[in-house]
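K.L.:
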Amino acid sequence: MAAQRGKGEFGYGSLDSTSDSRYQDGQFGSGQSNEFADLSQQVSSAIFKISNNVTTLEKAVRQLGTPSDSTLLRNRIQASIQTTNKIVSETTTCLKDLTLMSRNLGKSSRLQVDRLTNEYHESVQRYSGVQKKVASKMRSCPNVPPKAPPTSGSMDVVQYDESKKALLEETRRQGIESQLQVQDQQIDYDMNLLQEREEQIRQIEAAMLDVNEIFRDLSAMVSEQGEVVDSIEANIEKASSNVEGANTQLQTASRYQKKARRKMCCCIVIMAITALIITIILIVELK
Numbered sequence: 000m001a002a003q004r005g006k007g008e009f010g011y012g013s014l015d016s017t018s019d020s021r022y023q024d025g026q027f028g029s030g031q032s033n034e035f036a037d038l039s040q041q042v043s044s045a046i047f048k049i050s051n052n053v054t055t056l057e058k059a060v061r062q063l064g065t066p067s068d069s070t071l072l073r074n075r076i077q078a079s080i081q082t083t084n085k086i087v088s089e090t091t092t093c094l095k096d097l098t099l100m101s102r103n104l105g106k107s108s109r110l111q112v113d114r115l116t117n118e119y120h121e122s123v124q125r126y127s128g129v130q131k132k133v134a135s136k137m138r139s140c141p142n143v144p145p146k147a148p149p150t151s152g153s154m155d156v157v158q159y160d161e162s163k164k165a166l167l168e169e170t171r172r173q174g175i176e177s178q179l180q181v182q183d184q185q186i187d188y189d190m191n192l193l194q195e196r197e198e199q200i201r202q203i204e205a206a207m208l209d210v211n212e213i214f215r216d217l218s219a220m221v222s223e224q225g226e227v228v229d230s231i232e233a234n235i236e237k238a239s240s241n242v243e244g245a246n247t248q249l250q251t252a253s254r255y256q257k258k259a260r261r262k263m264c265c266c267i268v269i270m271a272i273t274a275l276i277i278t279i280i281l282i283v284e285l286k
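Heads up: the sequence shown begins at 0 in numbering that gives the first Met the number 0, then just goes up one per residue.
In structure tokens, the structure reads:
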């Protein structure tokens, strides 16, 4: 079943929906730092929940097709997938908001978002892998293995007279008809159960398509966040280089200034000596 982009079968929100305009315009209230911290905590908690759900699903998928398999187990698997899909969708939206917010905050906030995005990316990878295992195992084992029927105890053989033989034959005939009805009901039940299994598998496969959409968004987000961090580091290196260049220029200017001062001092001394000599010569000649 092809999953459409937008609201998915398990309550997914649109993956293309834009974030709040206050983030796009760069306008935040006084509680910007608190909001960033709250969103970061929500994402961290969501990553922990996804990891726990993945571990639970990995244990459950190993029971499919074994004597431990049951309808209850498969229903729990489907419910866990639906819950995890909702967490993934909500967390992706939170990460998008965090990424936009971090651009107006310091380097530490951007690095924190980068770390959370990478951890979330790894969690979604694990979840996508276990979803594929669930779908594959359910395809290979669509039916719950039948339980062994209880053994009936031995019945004592009794003797019947001629009057009871007819009753026994009638009872046997009714028993056969009853067994046929039970078999027909069992066939109907098995067919309905098989349809339910197919629907479960289709829903899981549809959820896998939704997760793939989110996975592509996450990949783009990780790449974009990496470019932001690289740009920050490049700007820091450039600023450091500019500072070093400015220091070099200041040192060079200081040396030039000292040399100019020494030259000026030498010129003043020479001029003073020259003036003194001329004055002495004039005094001598005048006498």
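In this text, a Cβ means the ideal position worked out from N, Cα and C, and glycines have one as well. The structure displayed is predicted, hence computed values, not measured ones.
How would you call I76, buried or exposed, if buried means at least 16 neighbouring beta carbons within 10 angstroms?
P.N.:
Classification of I76: buried, given that the 10 Å Cβ count is 16 or more.
K.L.:
Given I213, which residues of its chain have a CB within under 8 Å of its CB, disregarding the five upstream and five downstream residues?
P.N.:
L14, V87, S88, T91 and V123
K.L.:
Here's the rule I'm using: 16 or more other beta-carbon atoms within 10 Å means buried, otherwise exposed. How should A259 be labelled?
P.N.:
Exposed.
K.L.:
Just curious, the alpha helix (DSSP H) that N74 is in, first and last residue?
P.N.:
T70 to S101
K.L.:
Output the distance between the C-alpha atoms of L99 and Q40, rounded to the nearest integer angstrom.
P.N.:
16 Å
K.L.:
Would DSSP call V143 helix, strand or coil?
P.N.:
coil
K.L.:
What does the Cβ neighbour count give for I276, buried or exposed, with the cut at 16 atoms within 10 Å?
P.N.:
exposed
K.L.:
Using only alpha-carbon positions, find the residue among Q178, S135 and P141 that is nearest to Q194.
P.N.:
P141
K.L.:
Classify A219 as buried or exposed, calling it buried when 16 or more other Cβ atoms lie within 10 Å of its own Cβ.
P.N.:
With fewer than 16 neighbouring CB atoms inside 10 Å of its own CB, A219 falls in the exposed class.
K.L.:
Taking the alpha-carbon of M137 as reference, which of I49, T82, C264 and Q202 has the nearest alpha-carbon?
P.N.:
Closest option to M137, Cα to Cα, is Q202.
K.L.:
So, using beta-carbon positions, are Q81 and L72 closer together than 7 Å?
P.N.:
no
K.L.:
Assign N51 to buried or exposed, taking buried as 16 or more other Cβ atoms, counted over all protein chains shown, within 10 Å of its Cβ.
P.N.:
exposed
K.L.:
Under a Cβ-count criterion, where at least 16 other Cβ atoms within 10 Å of its own Cβ denotes burial, should T247 be classed as buried or exposed?
P.N.:
exposed
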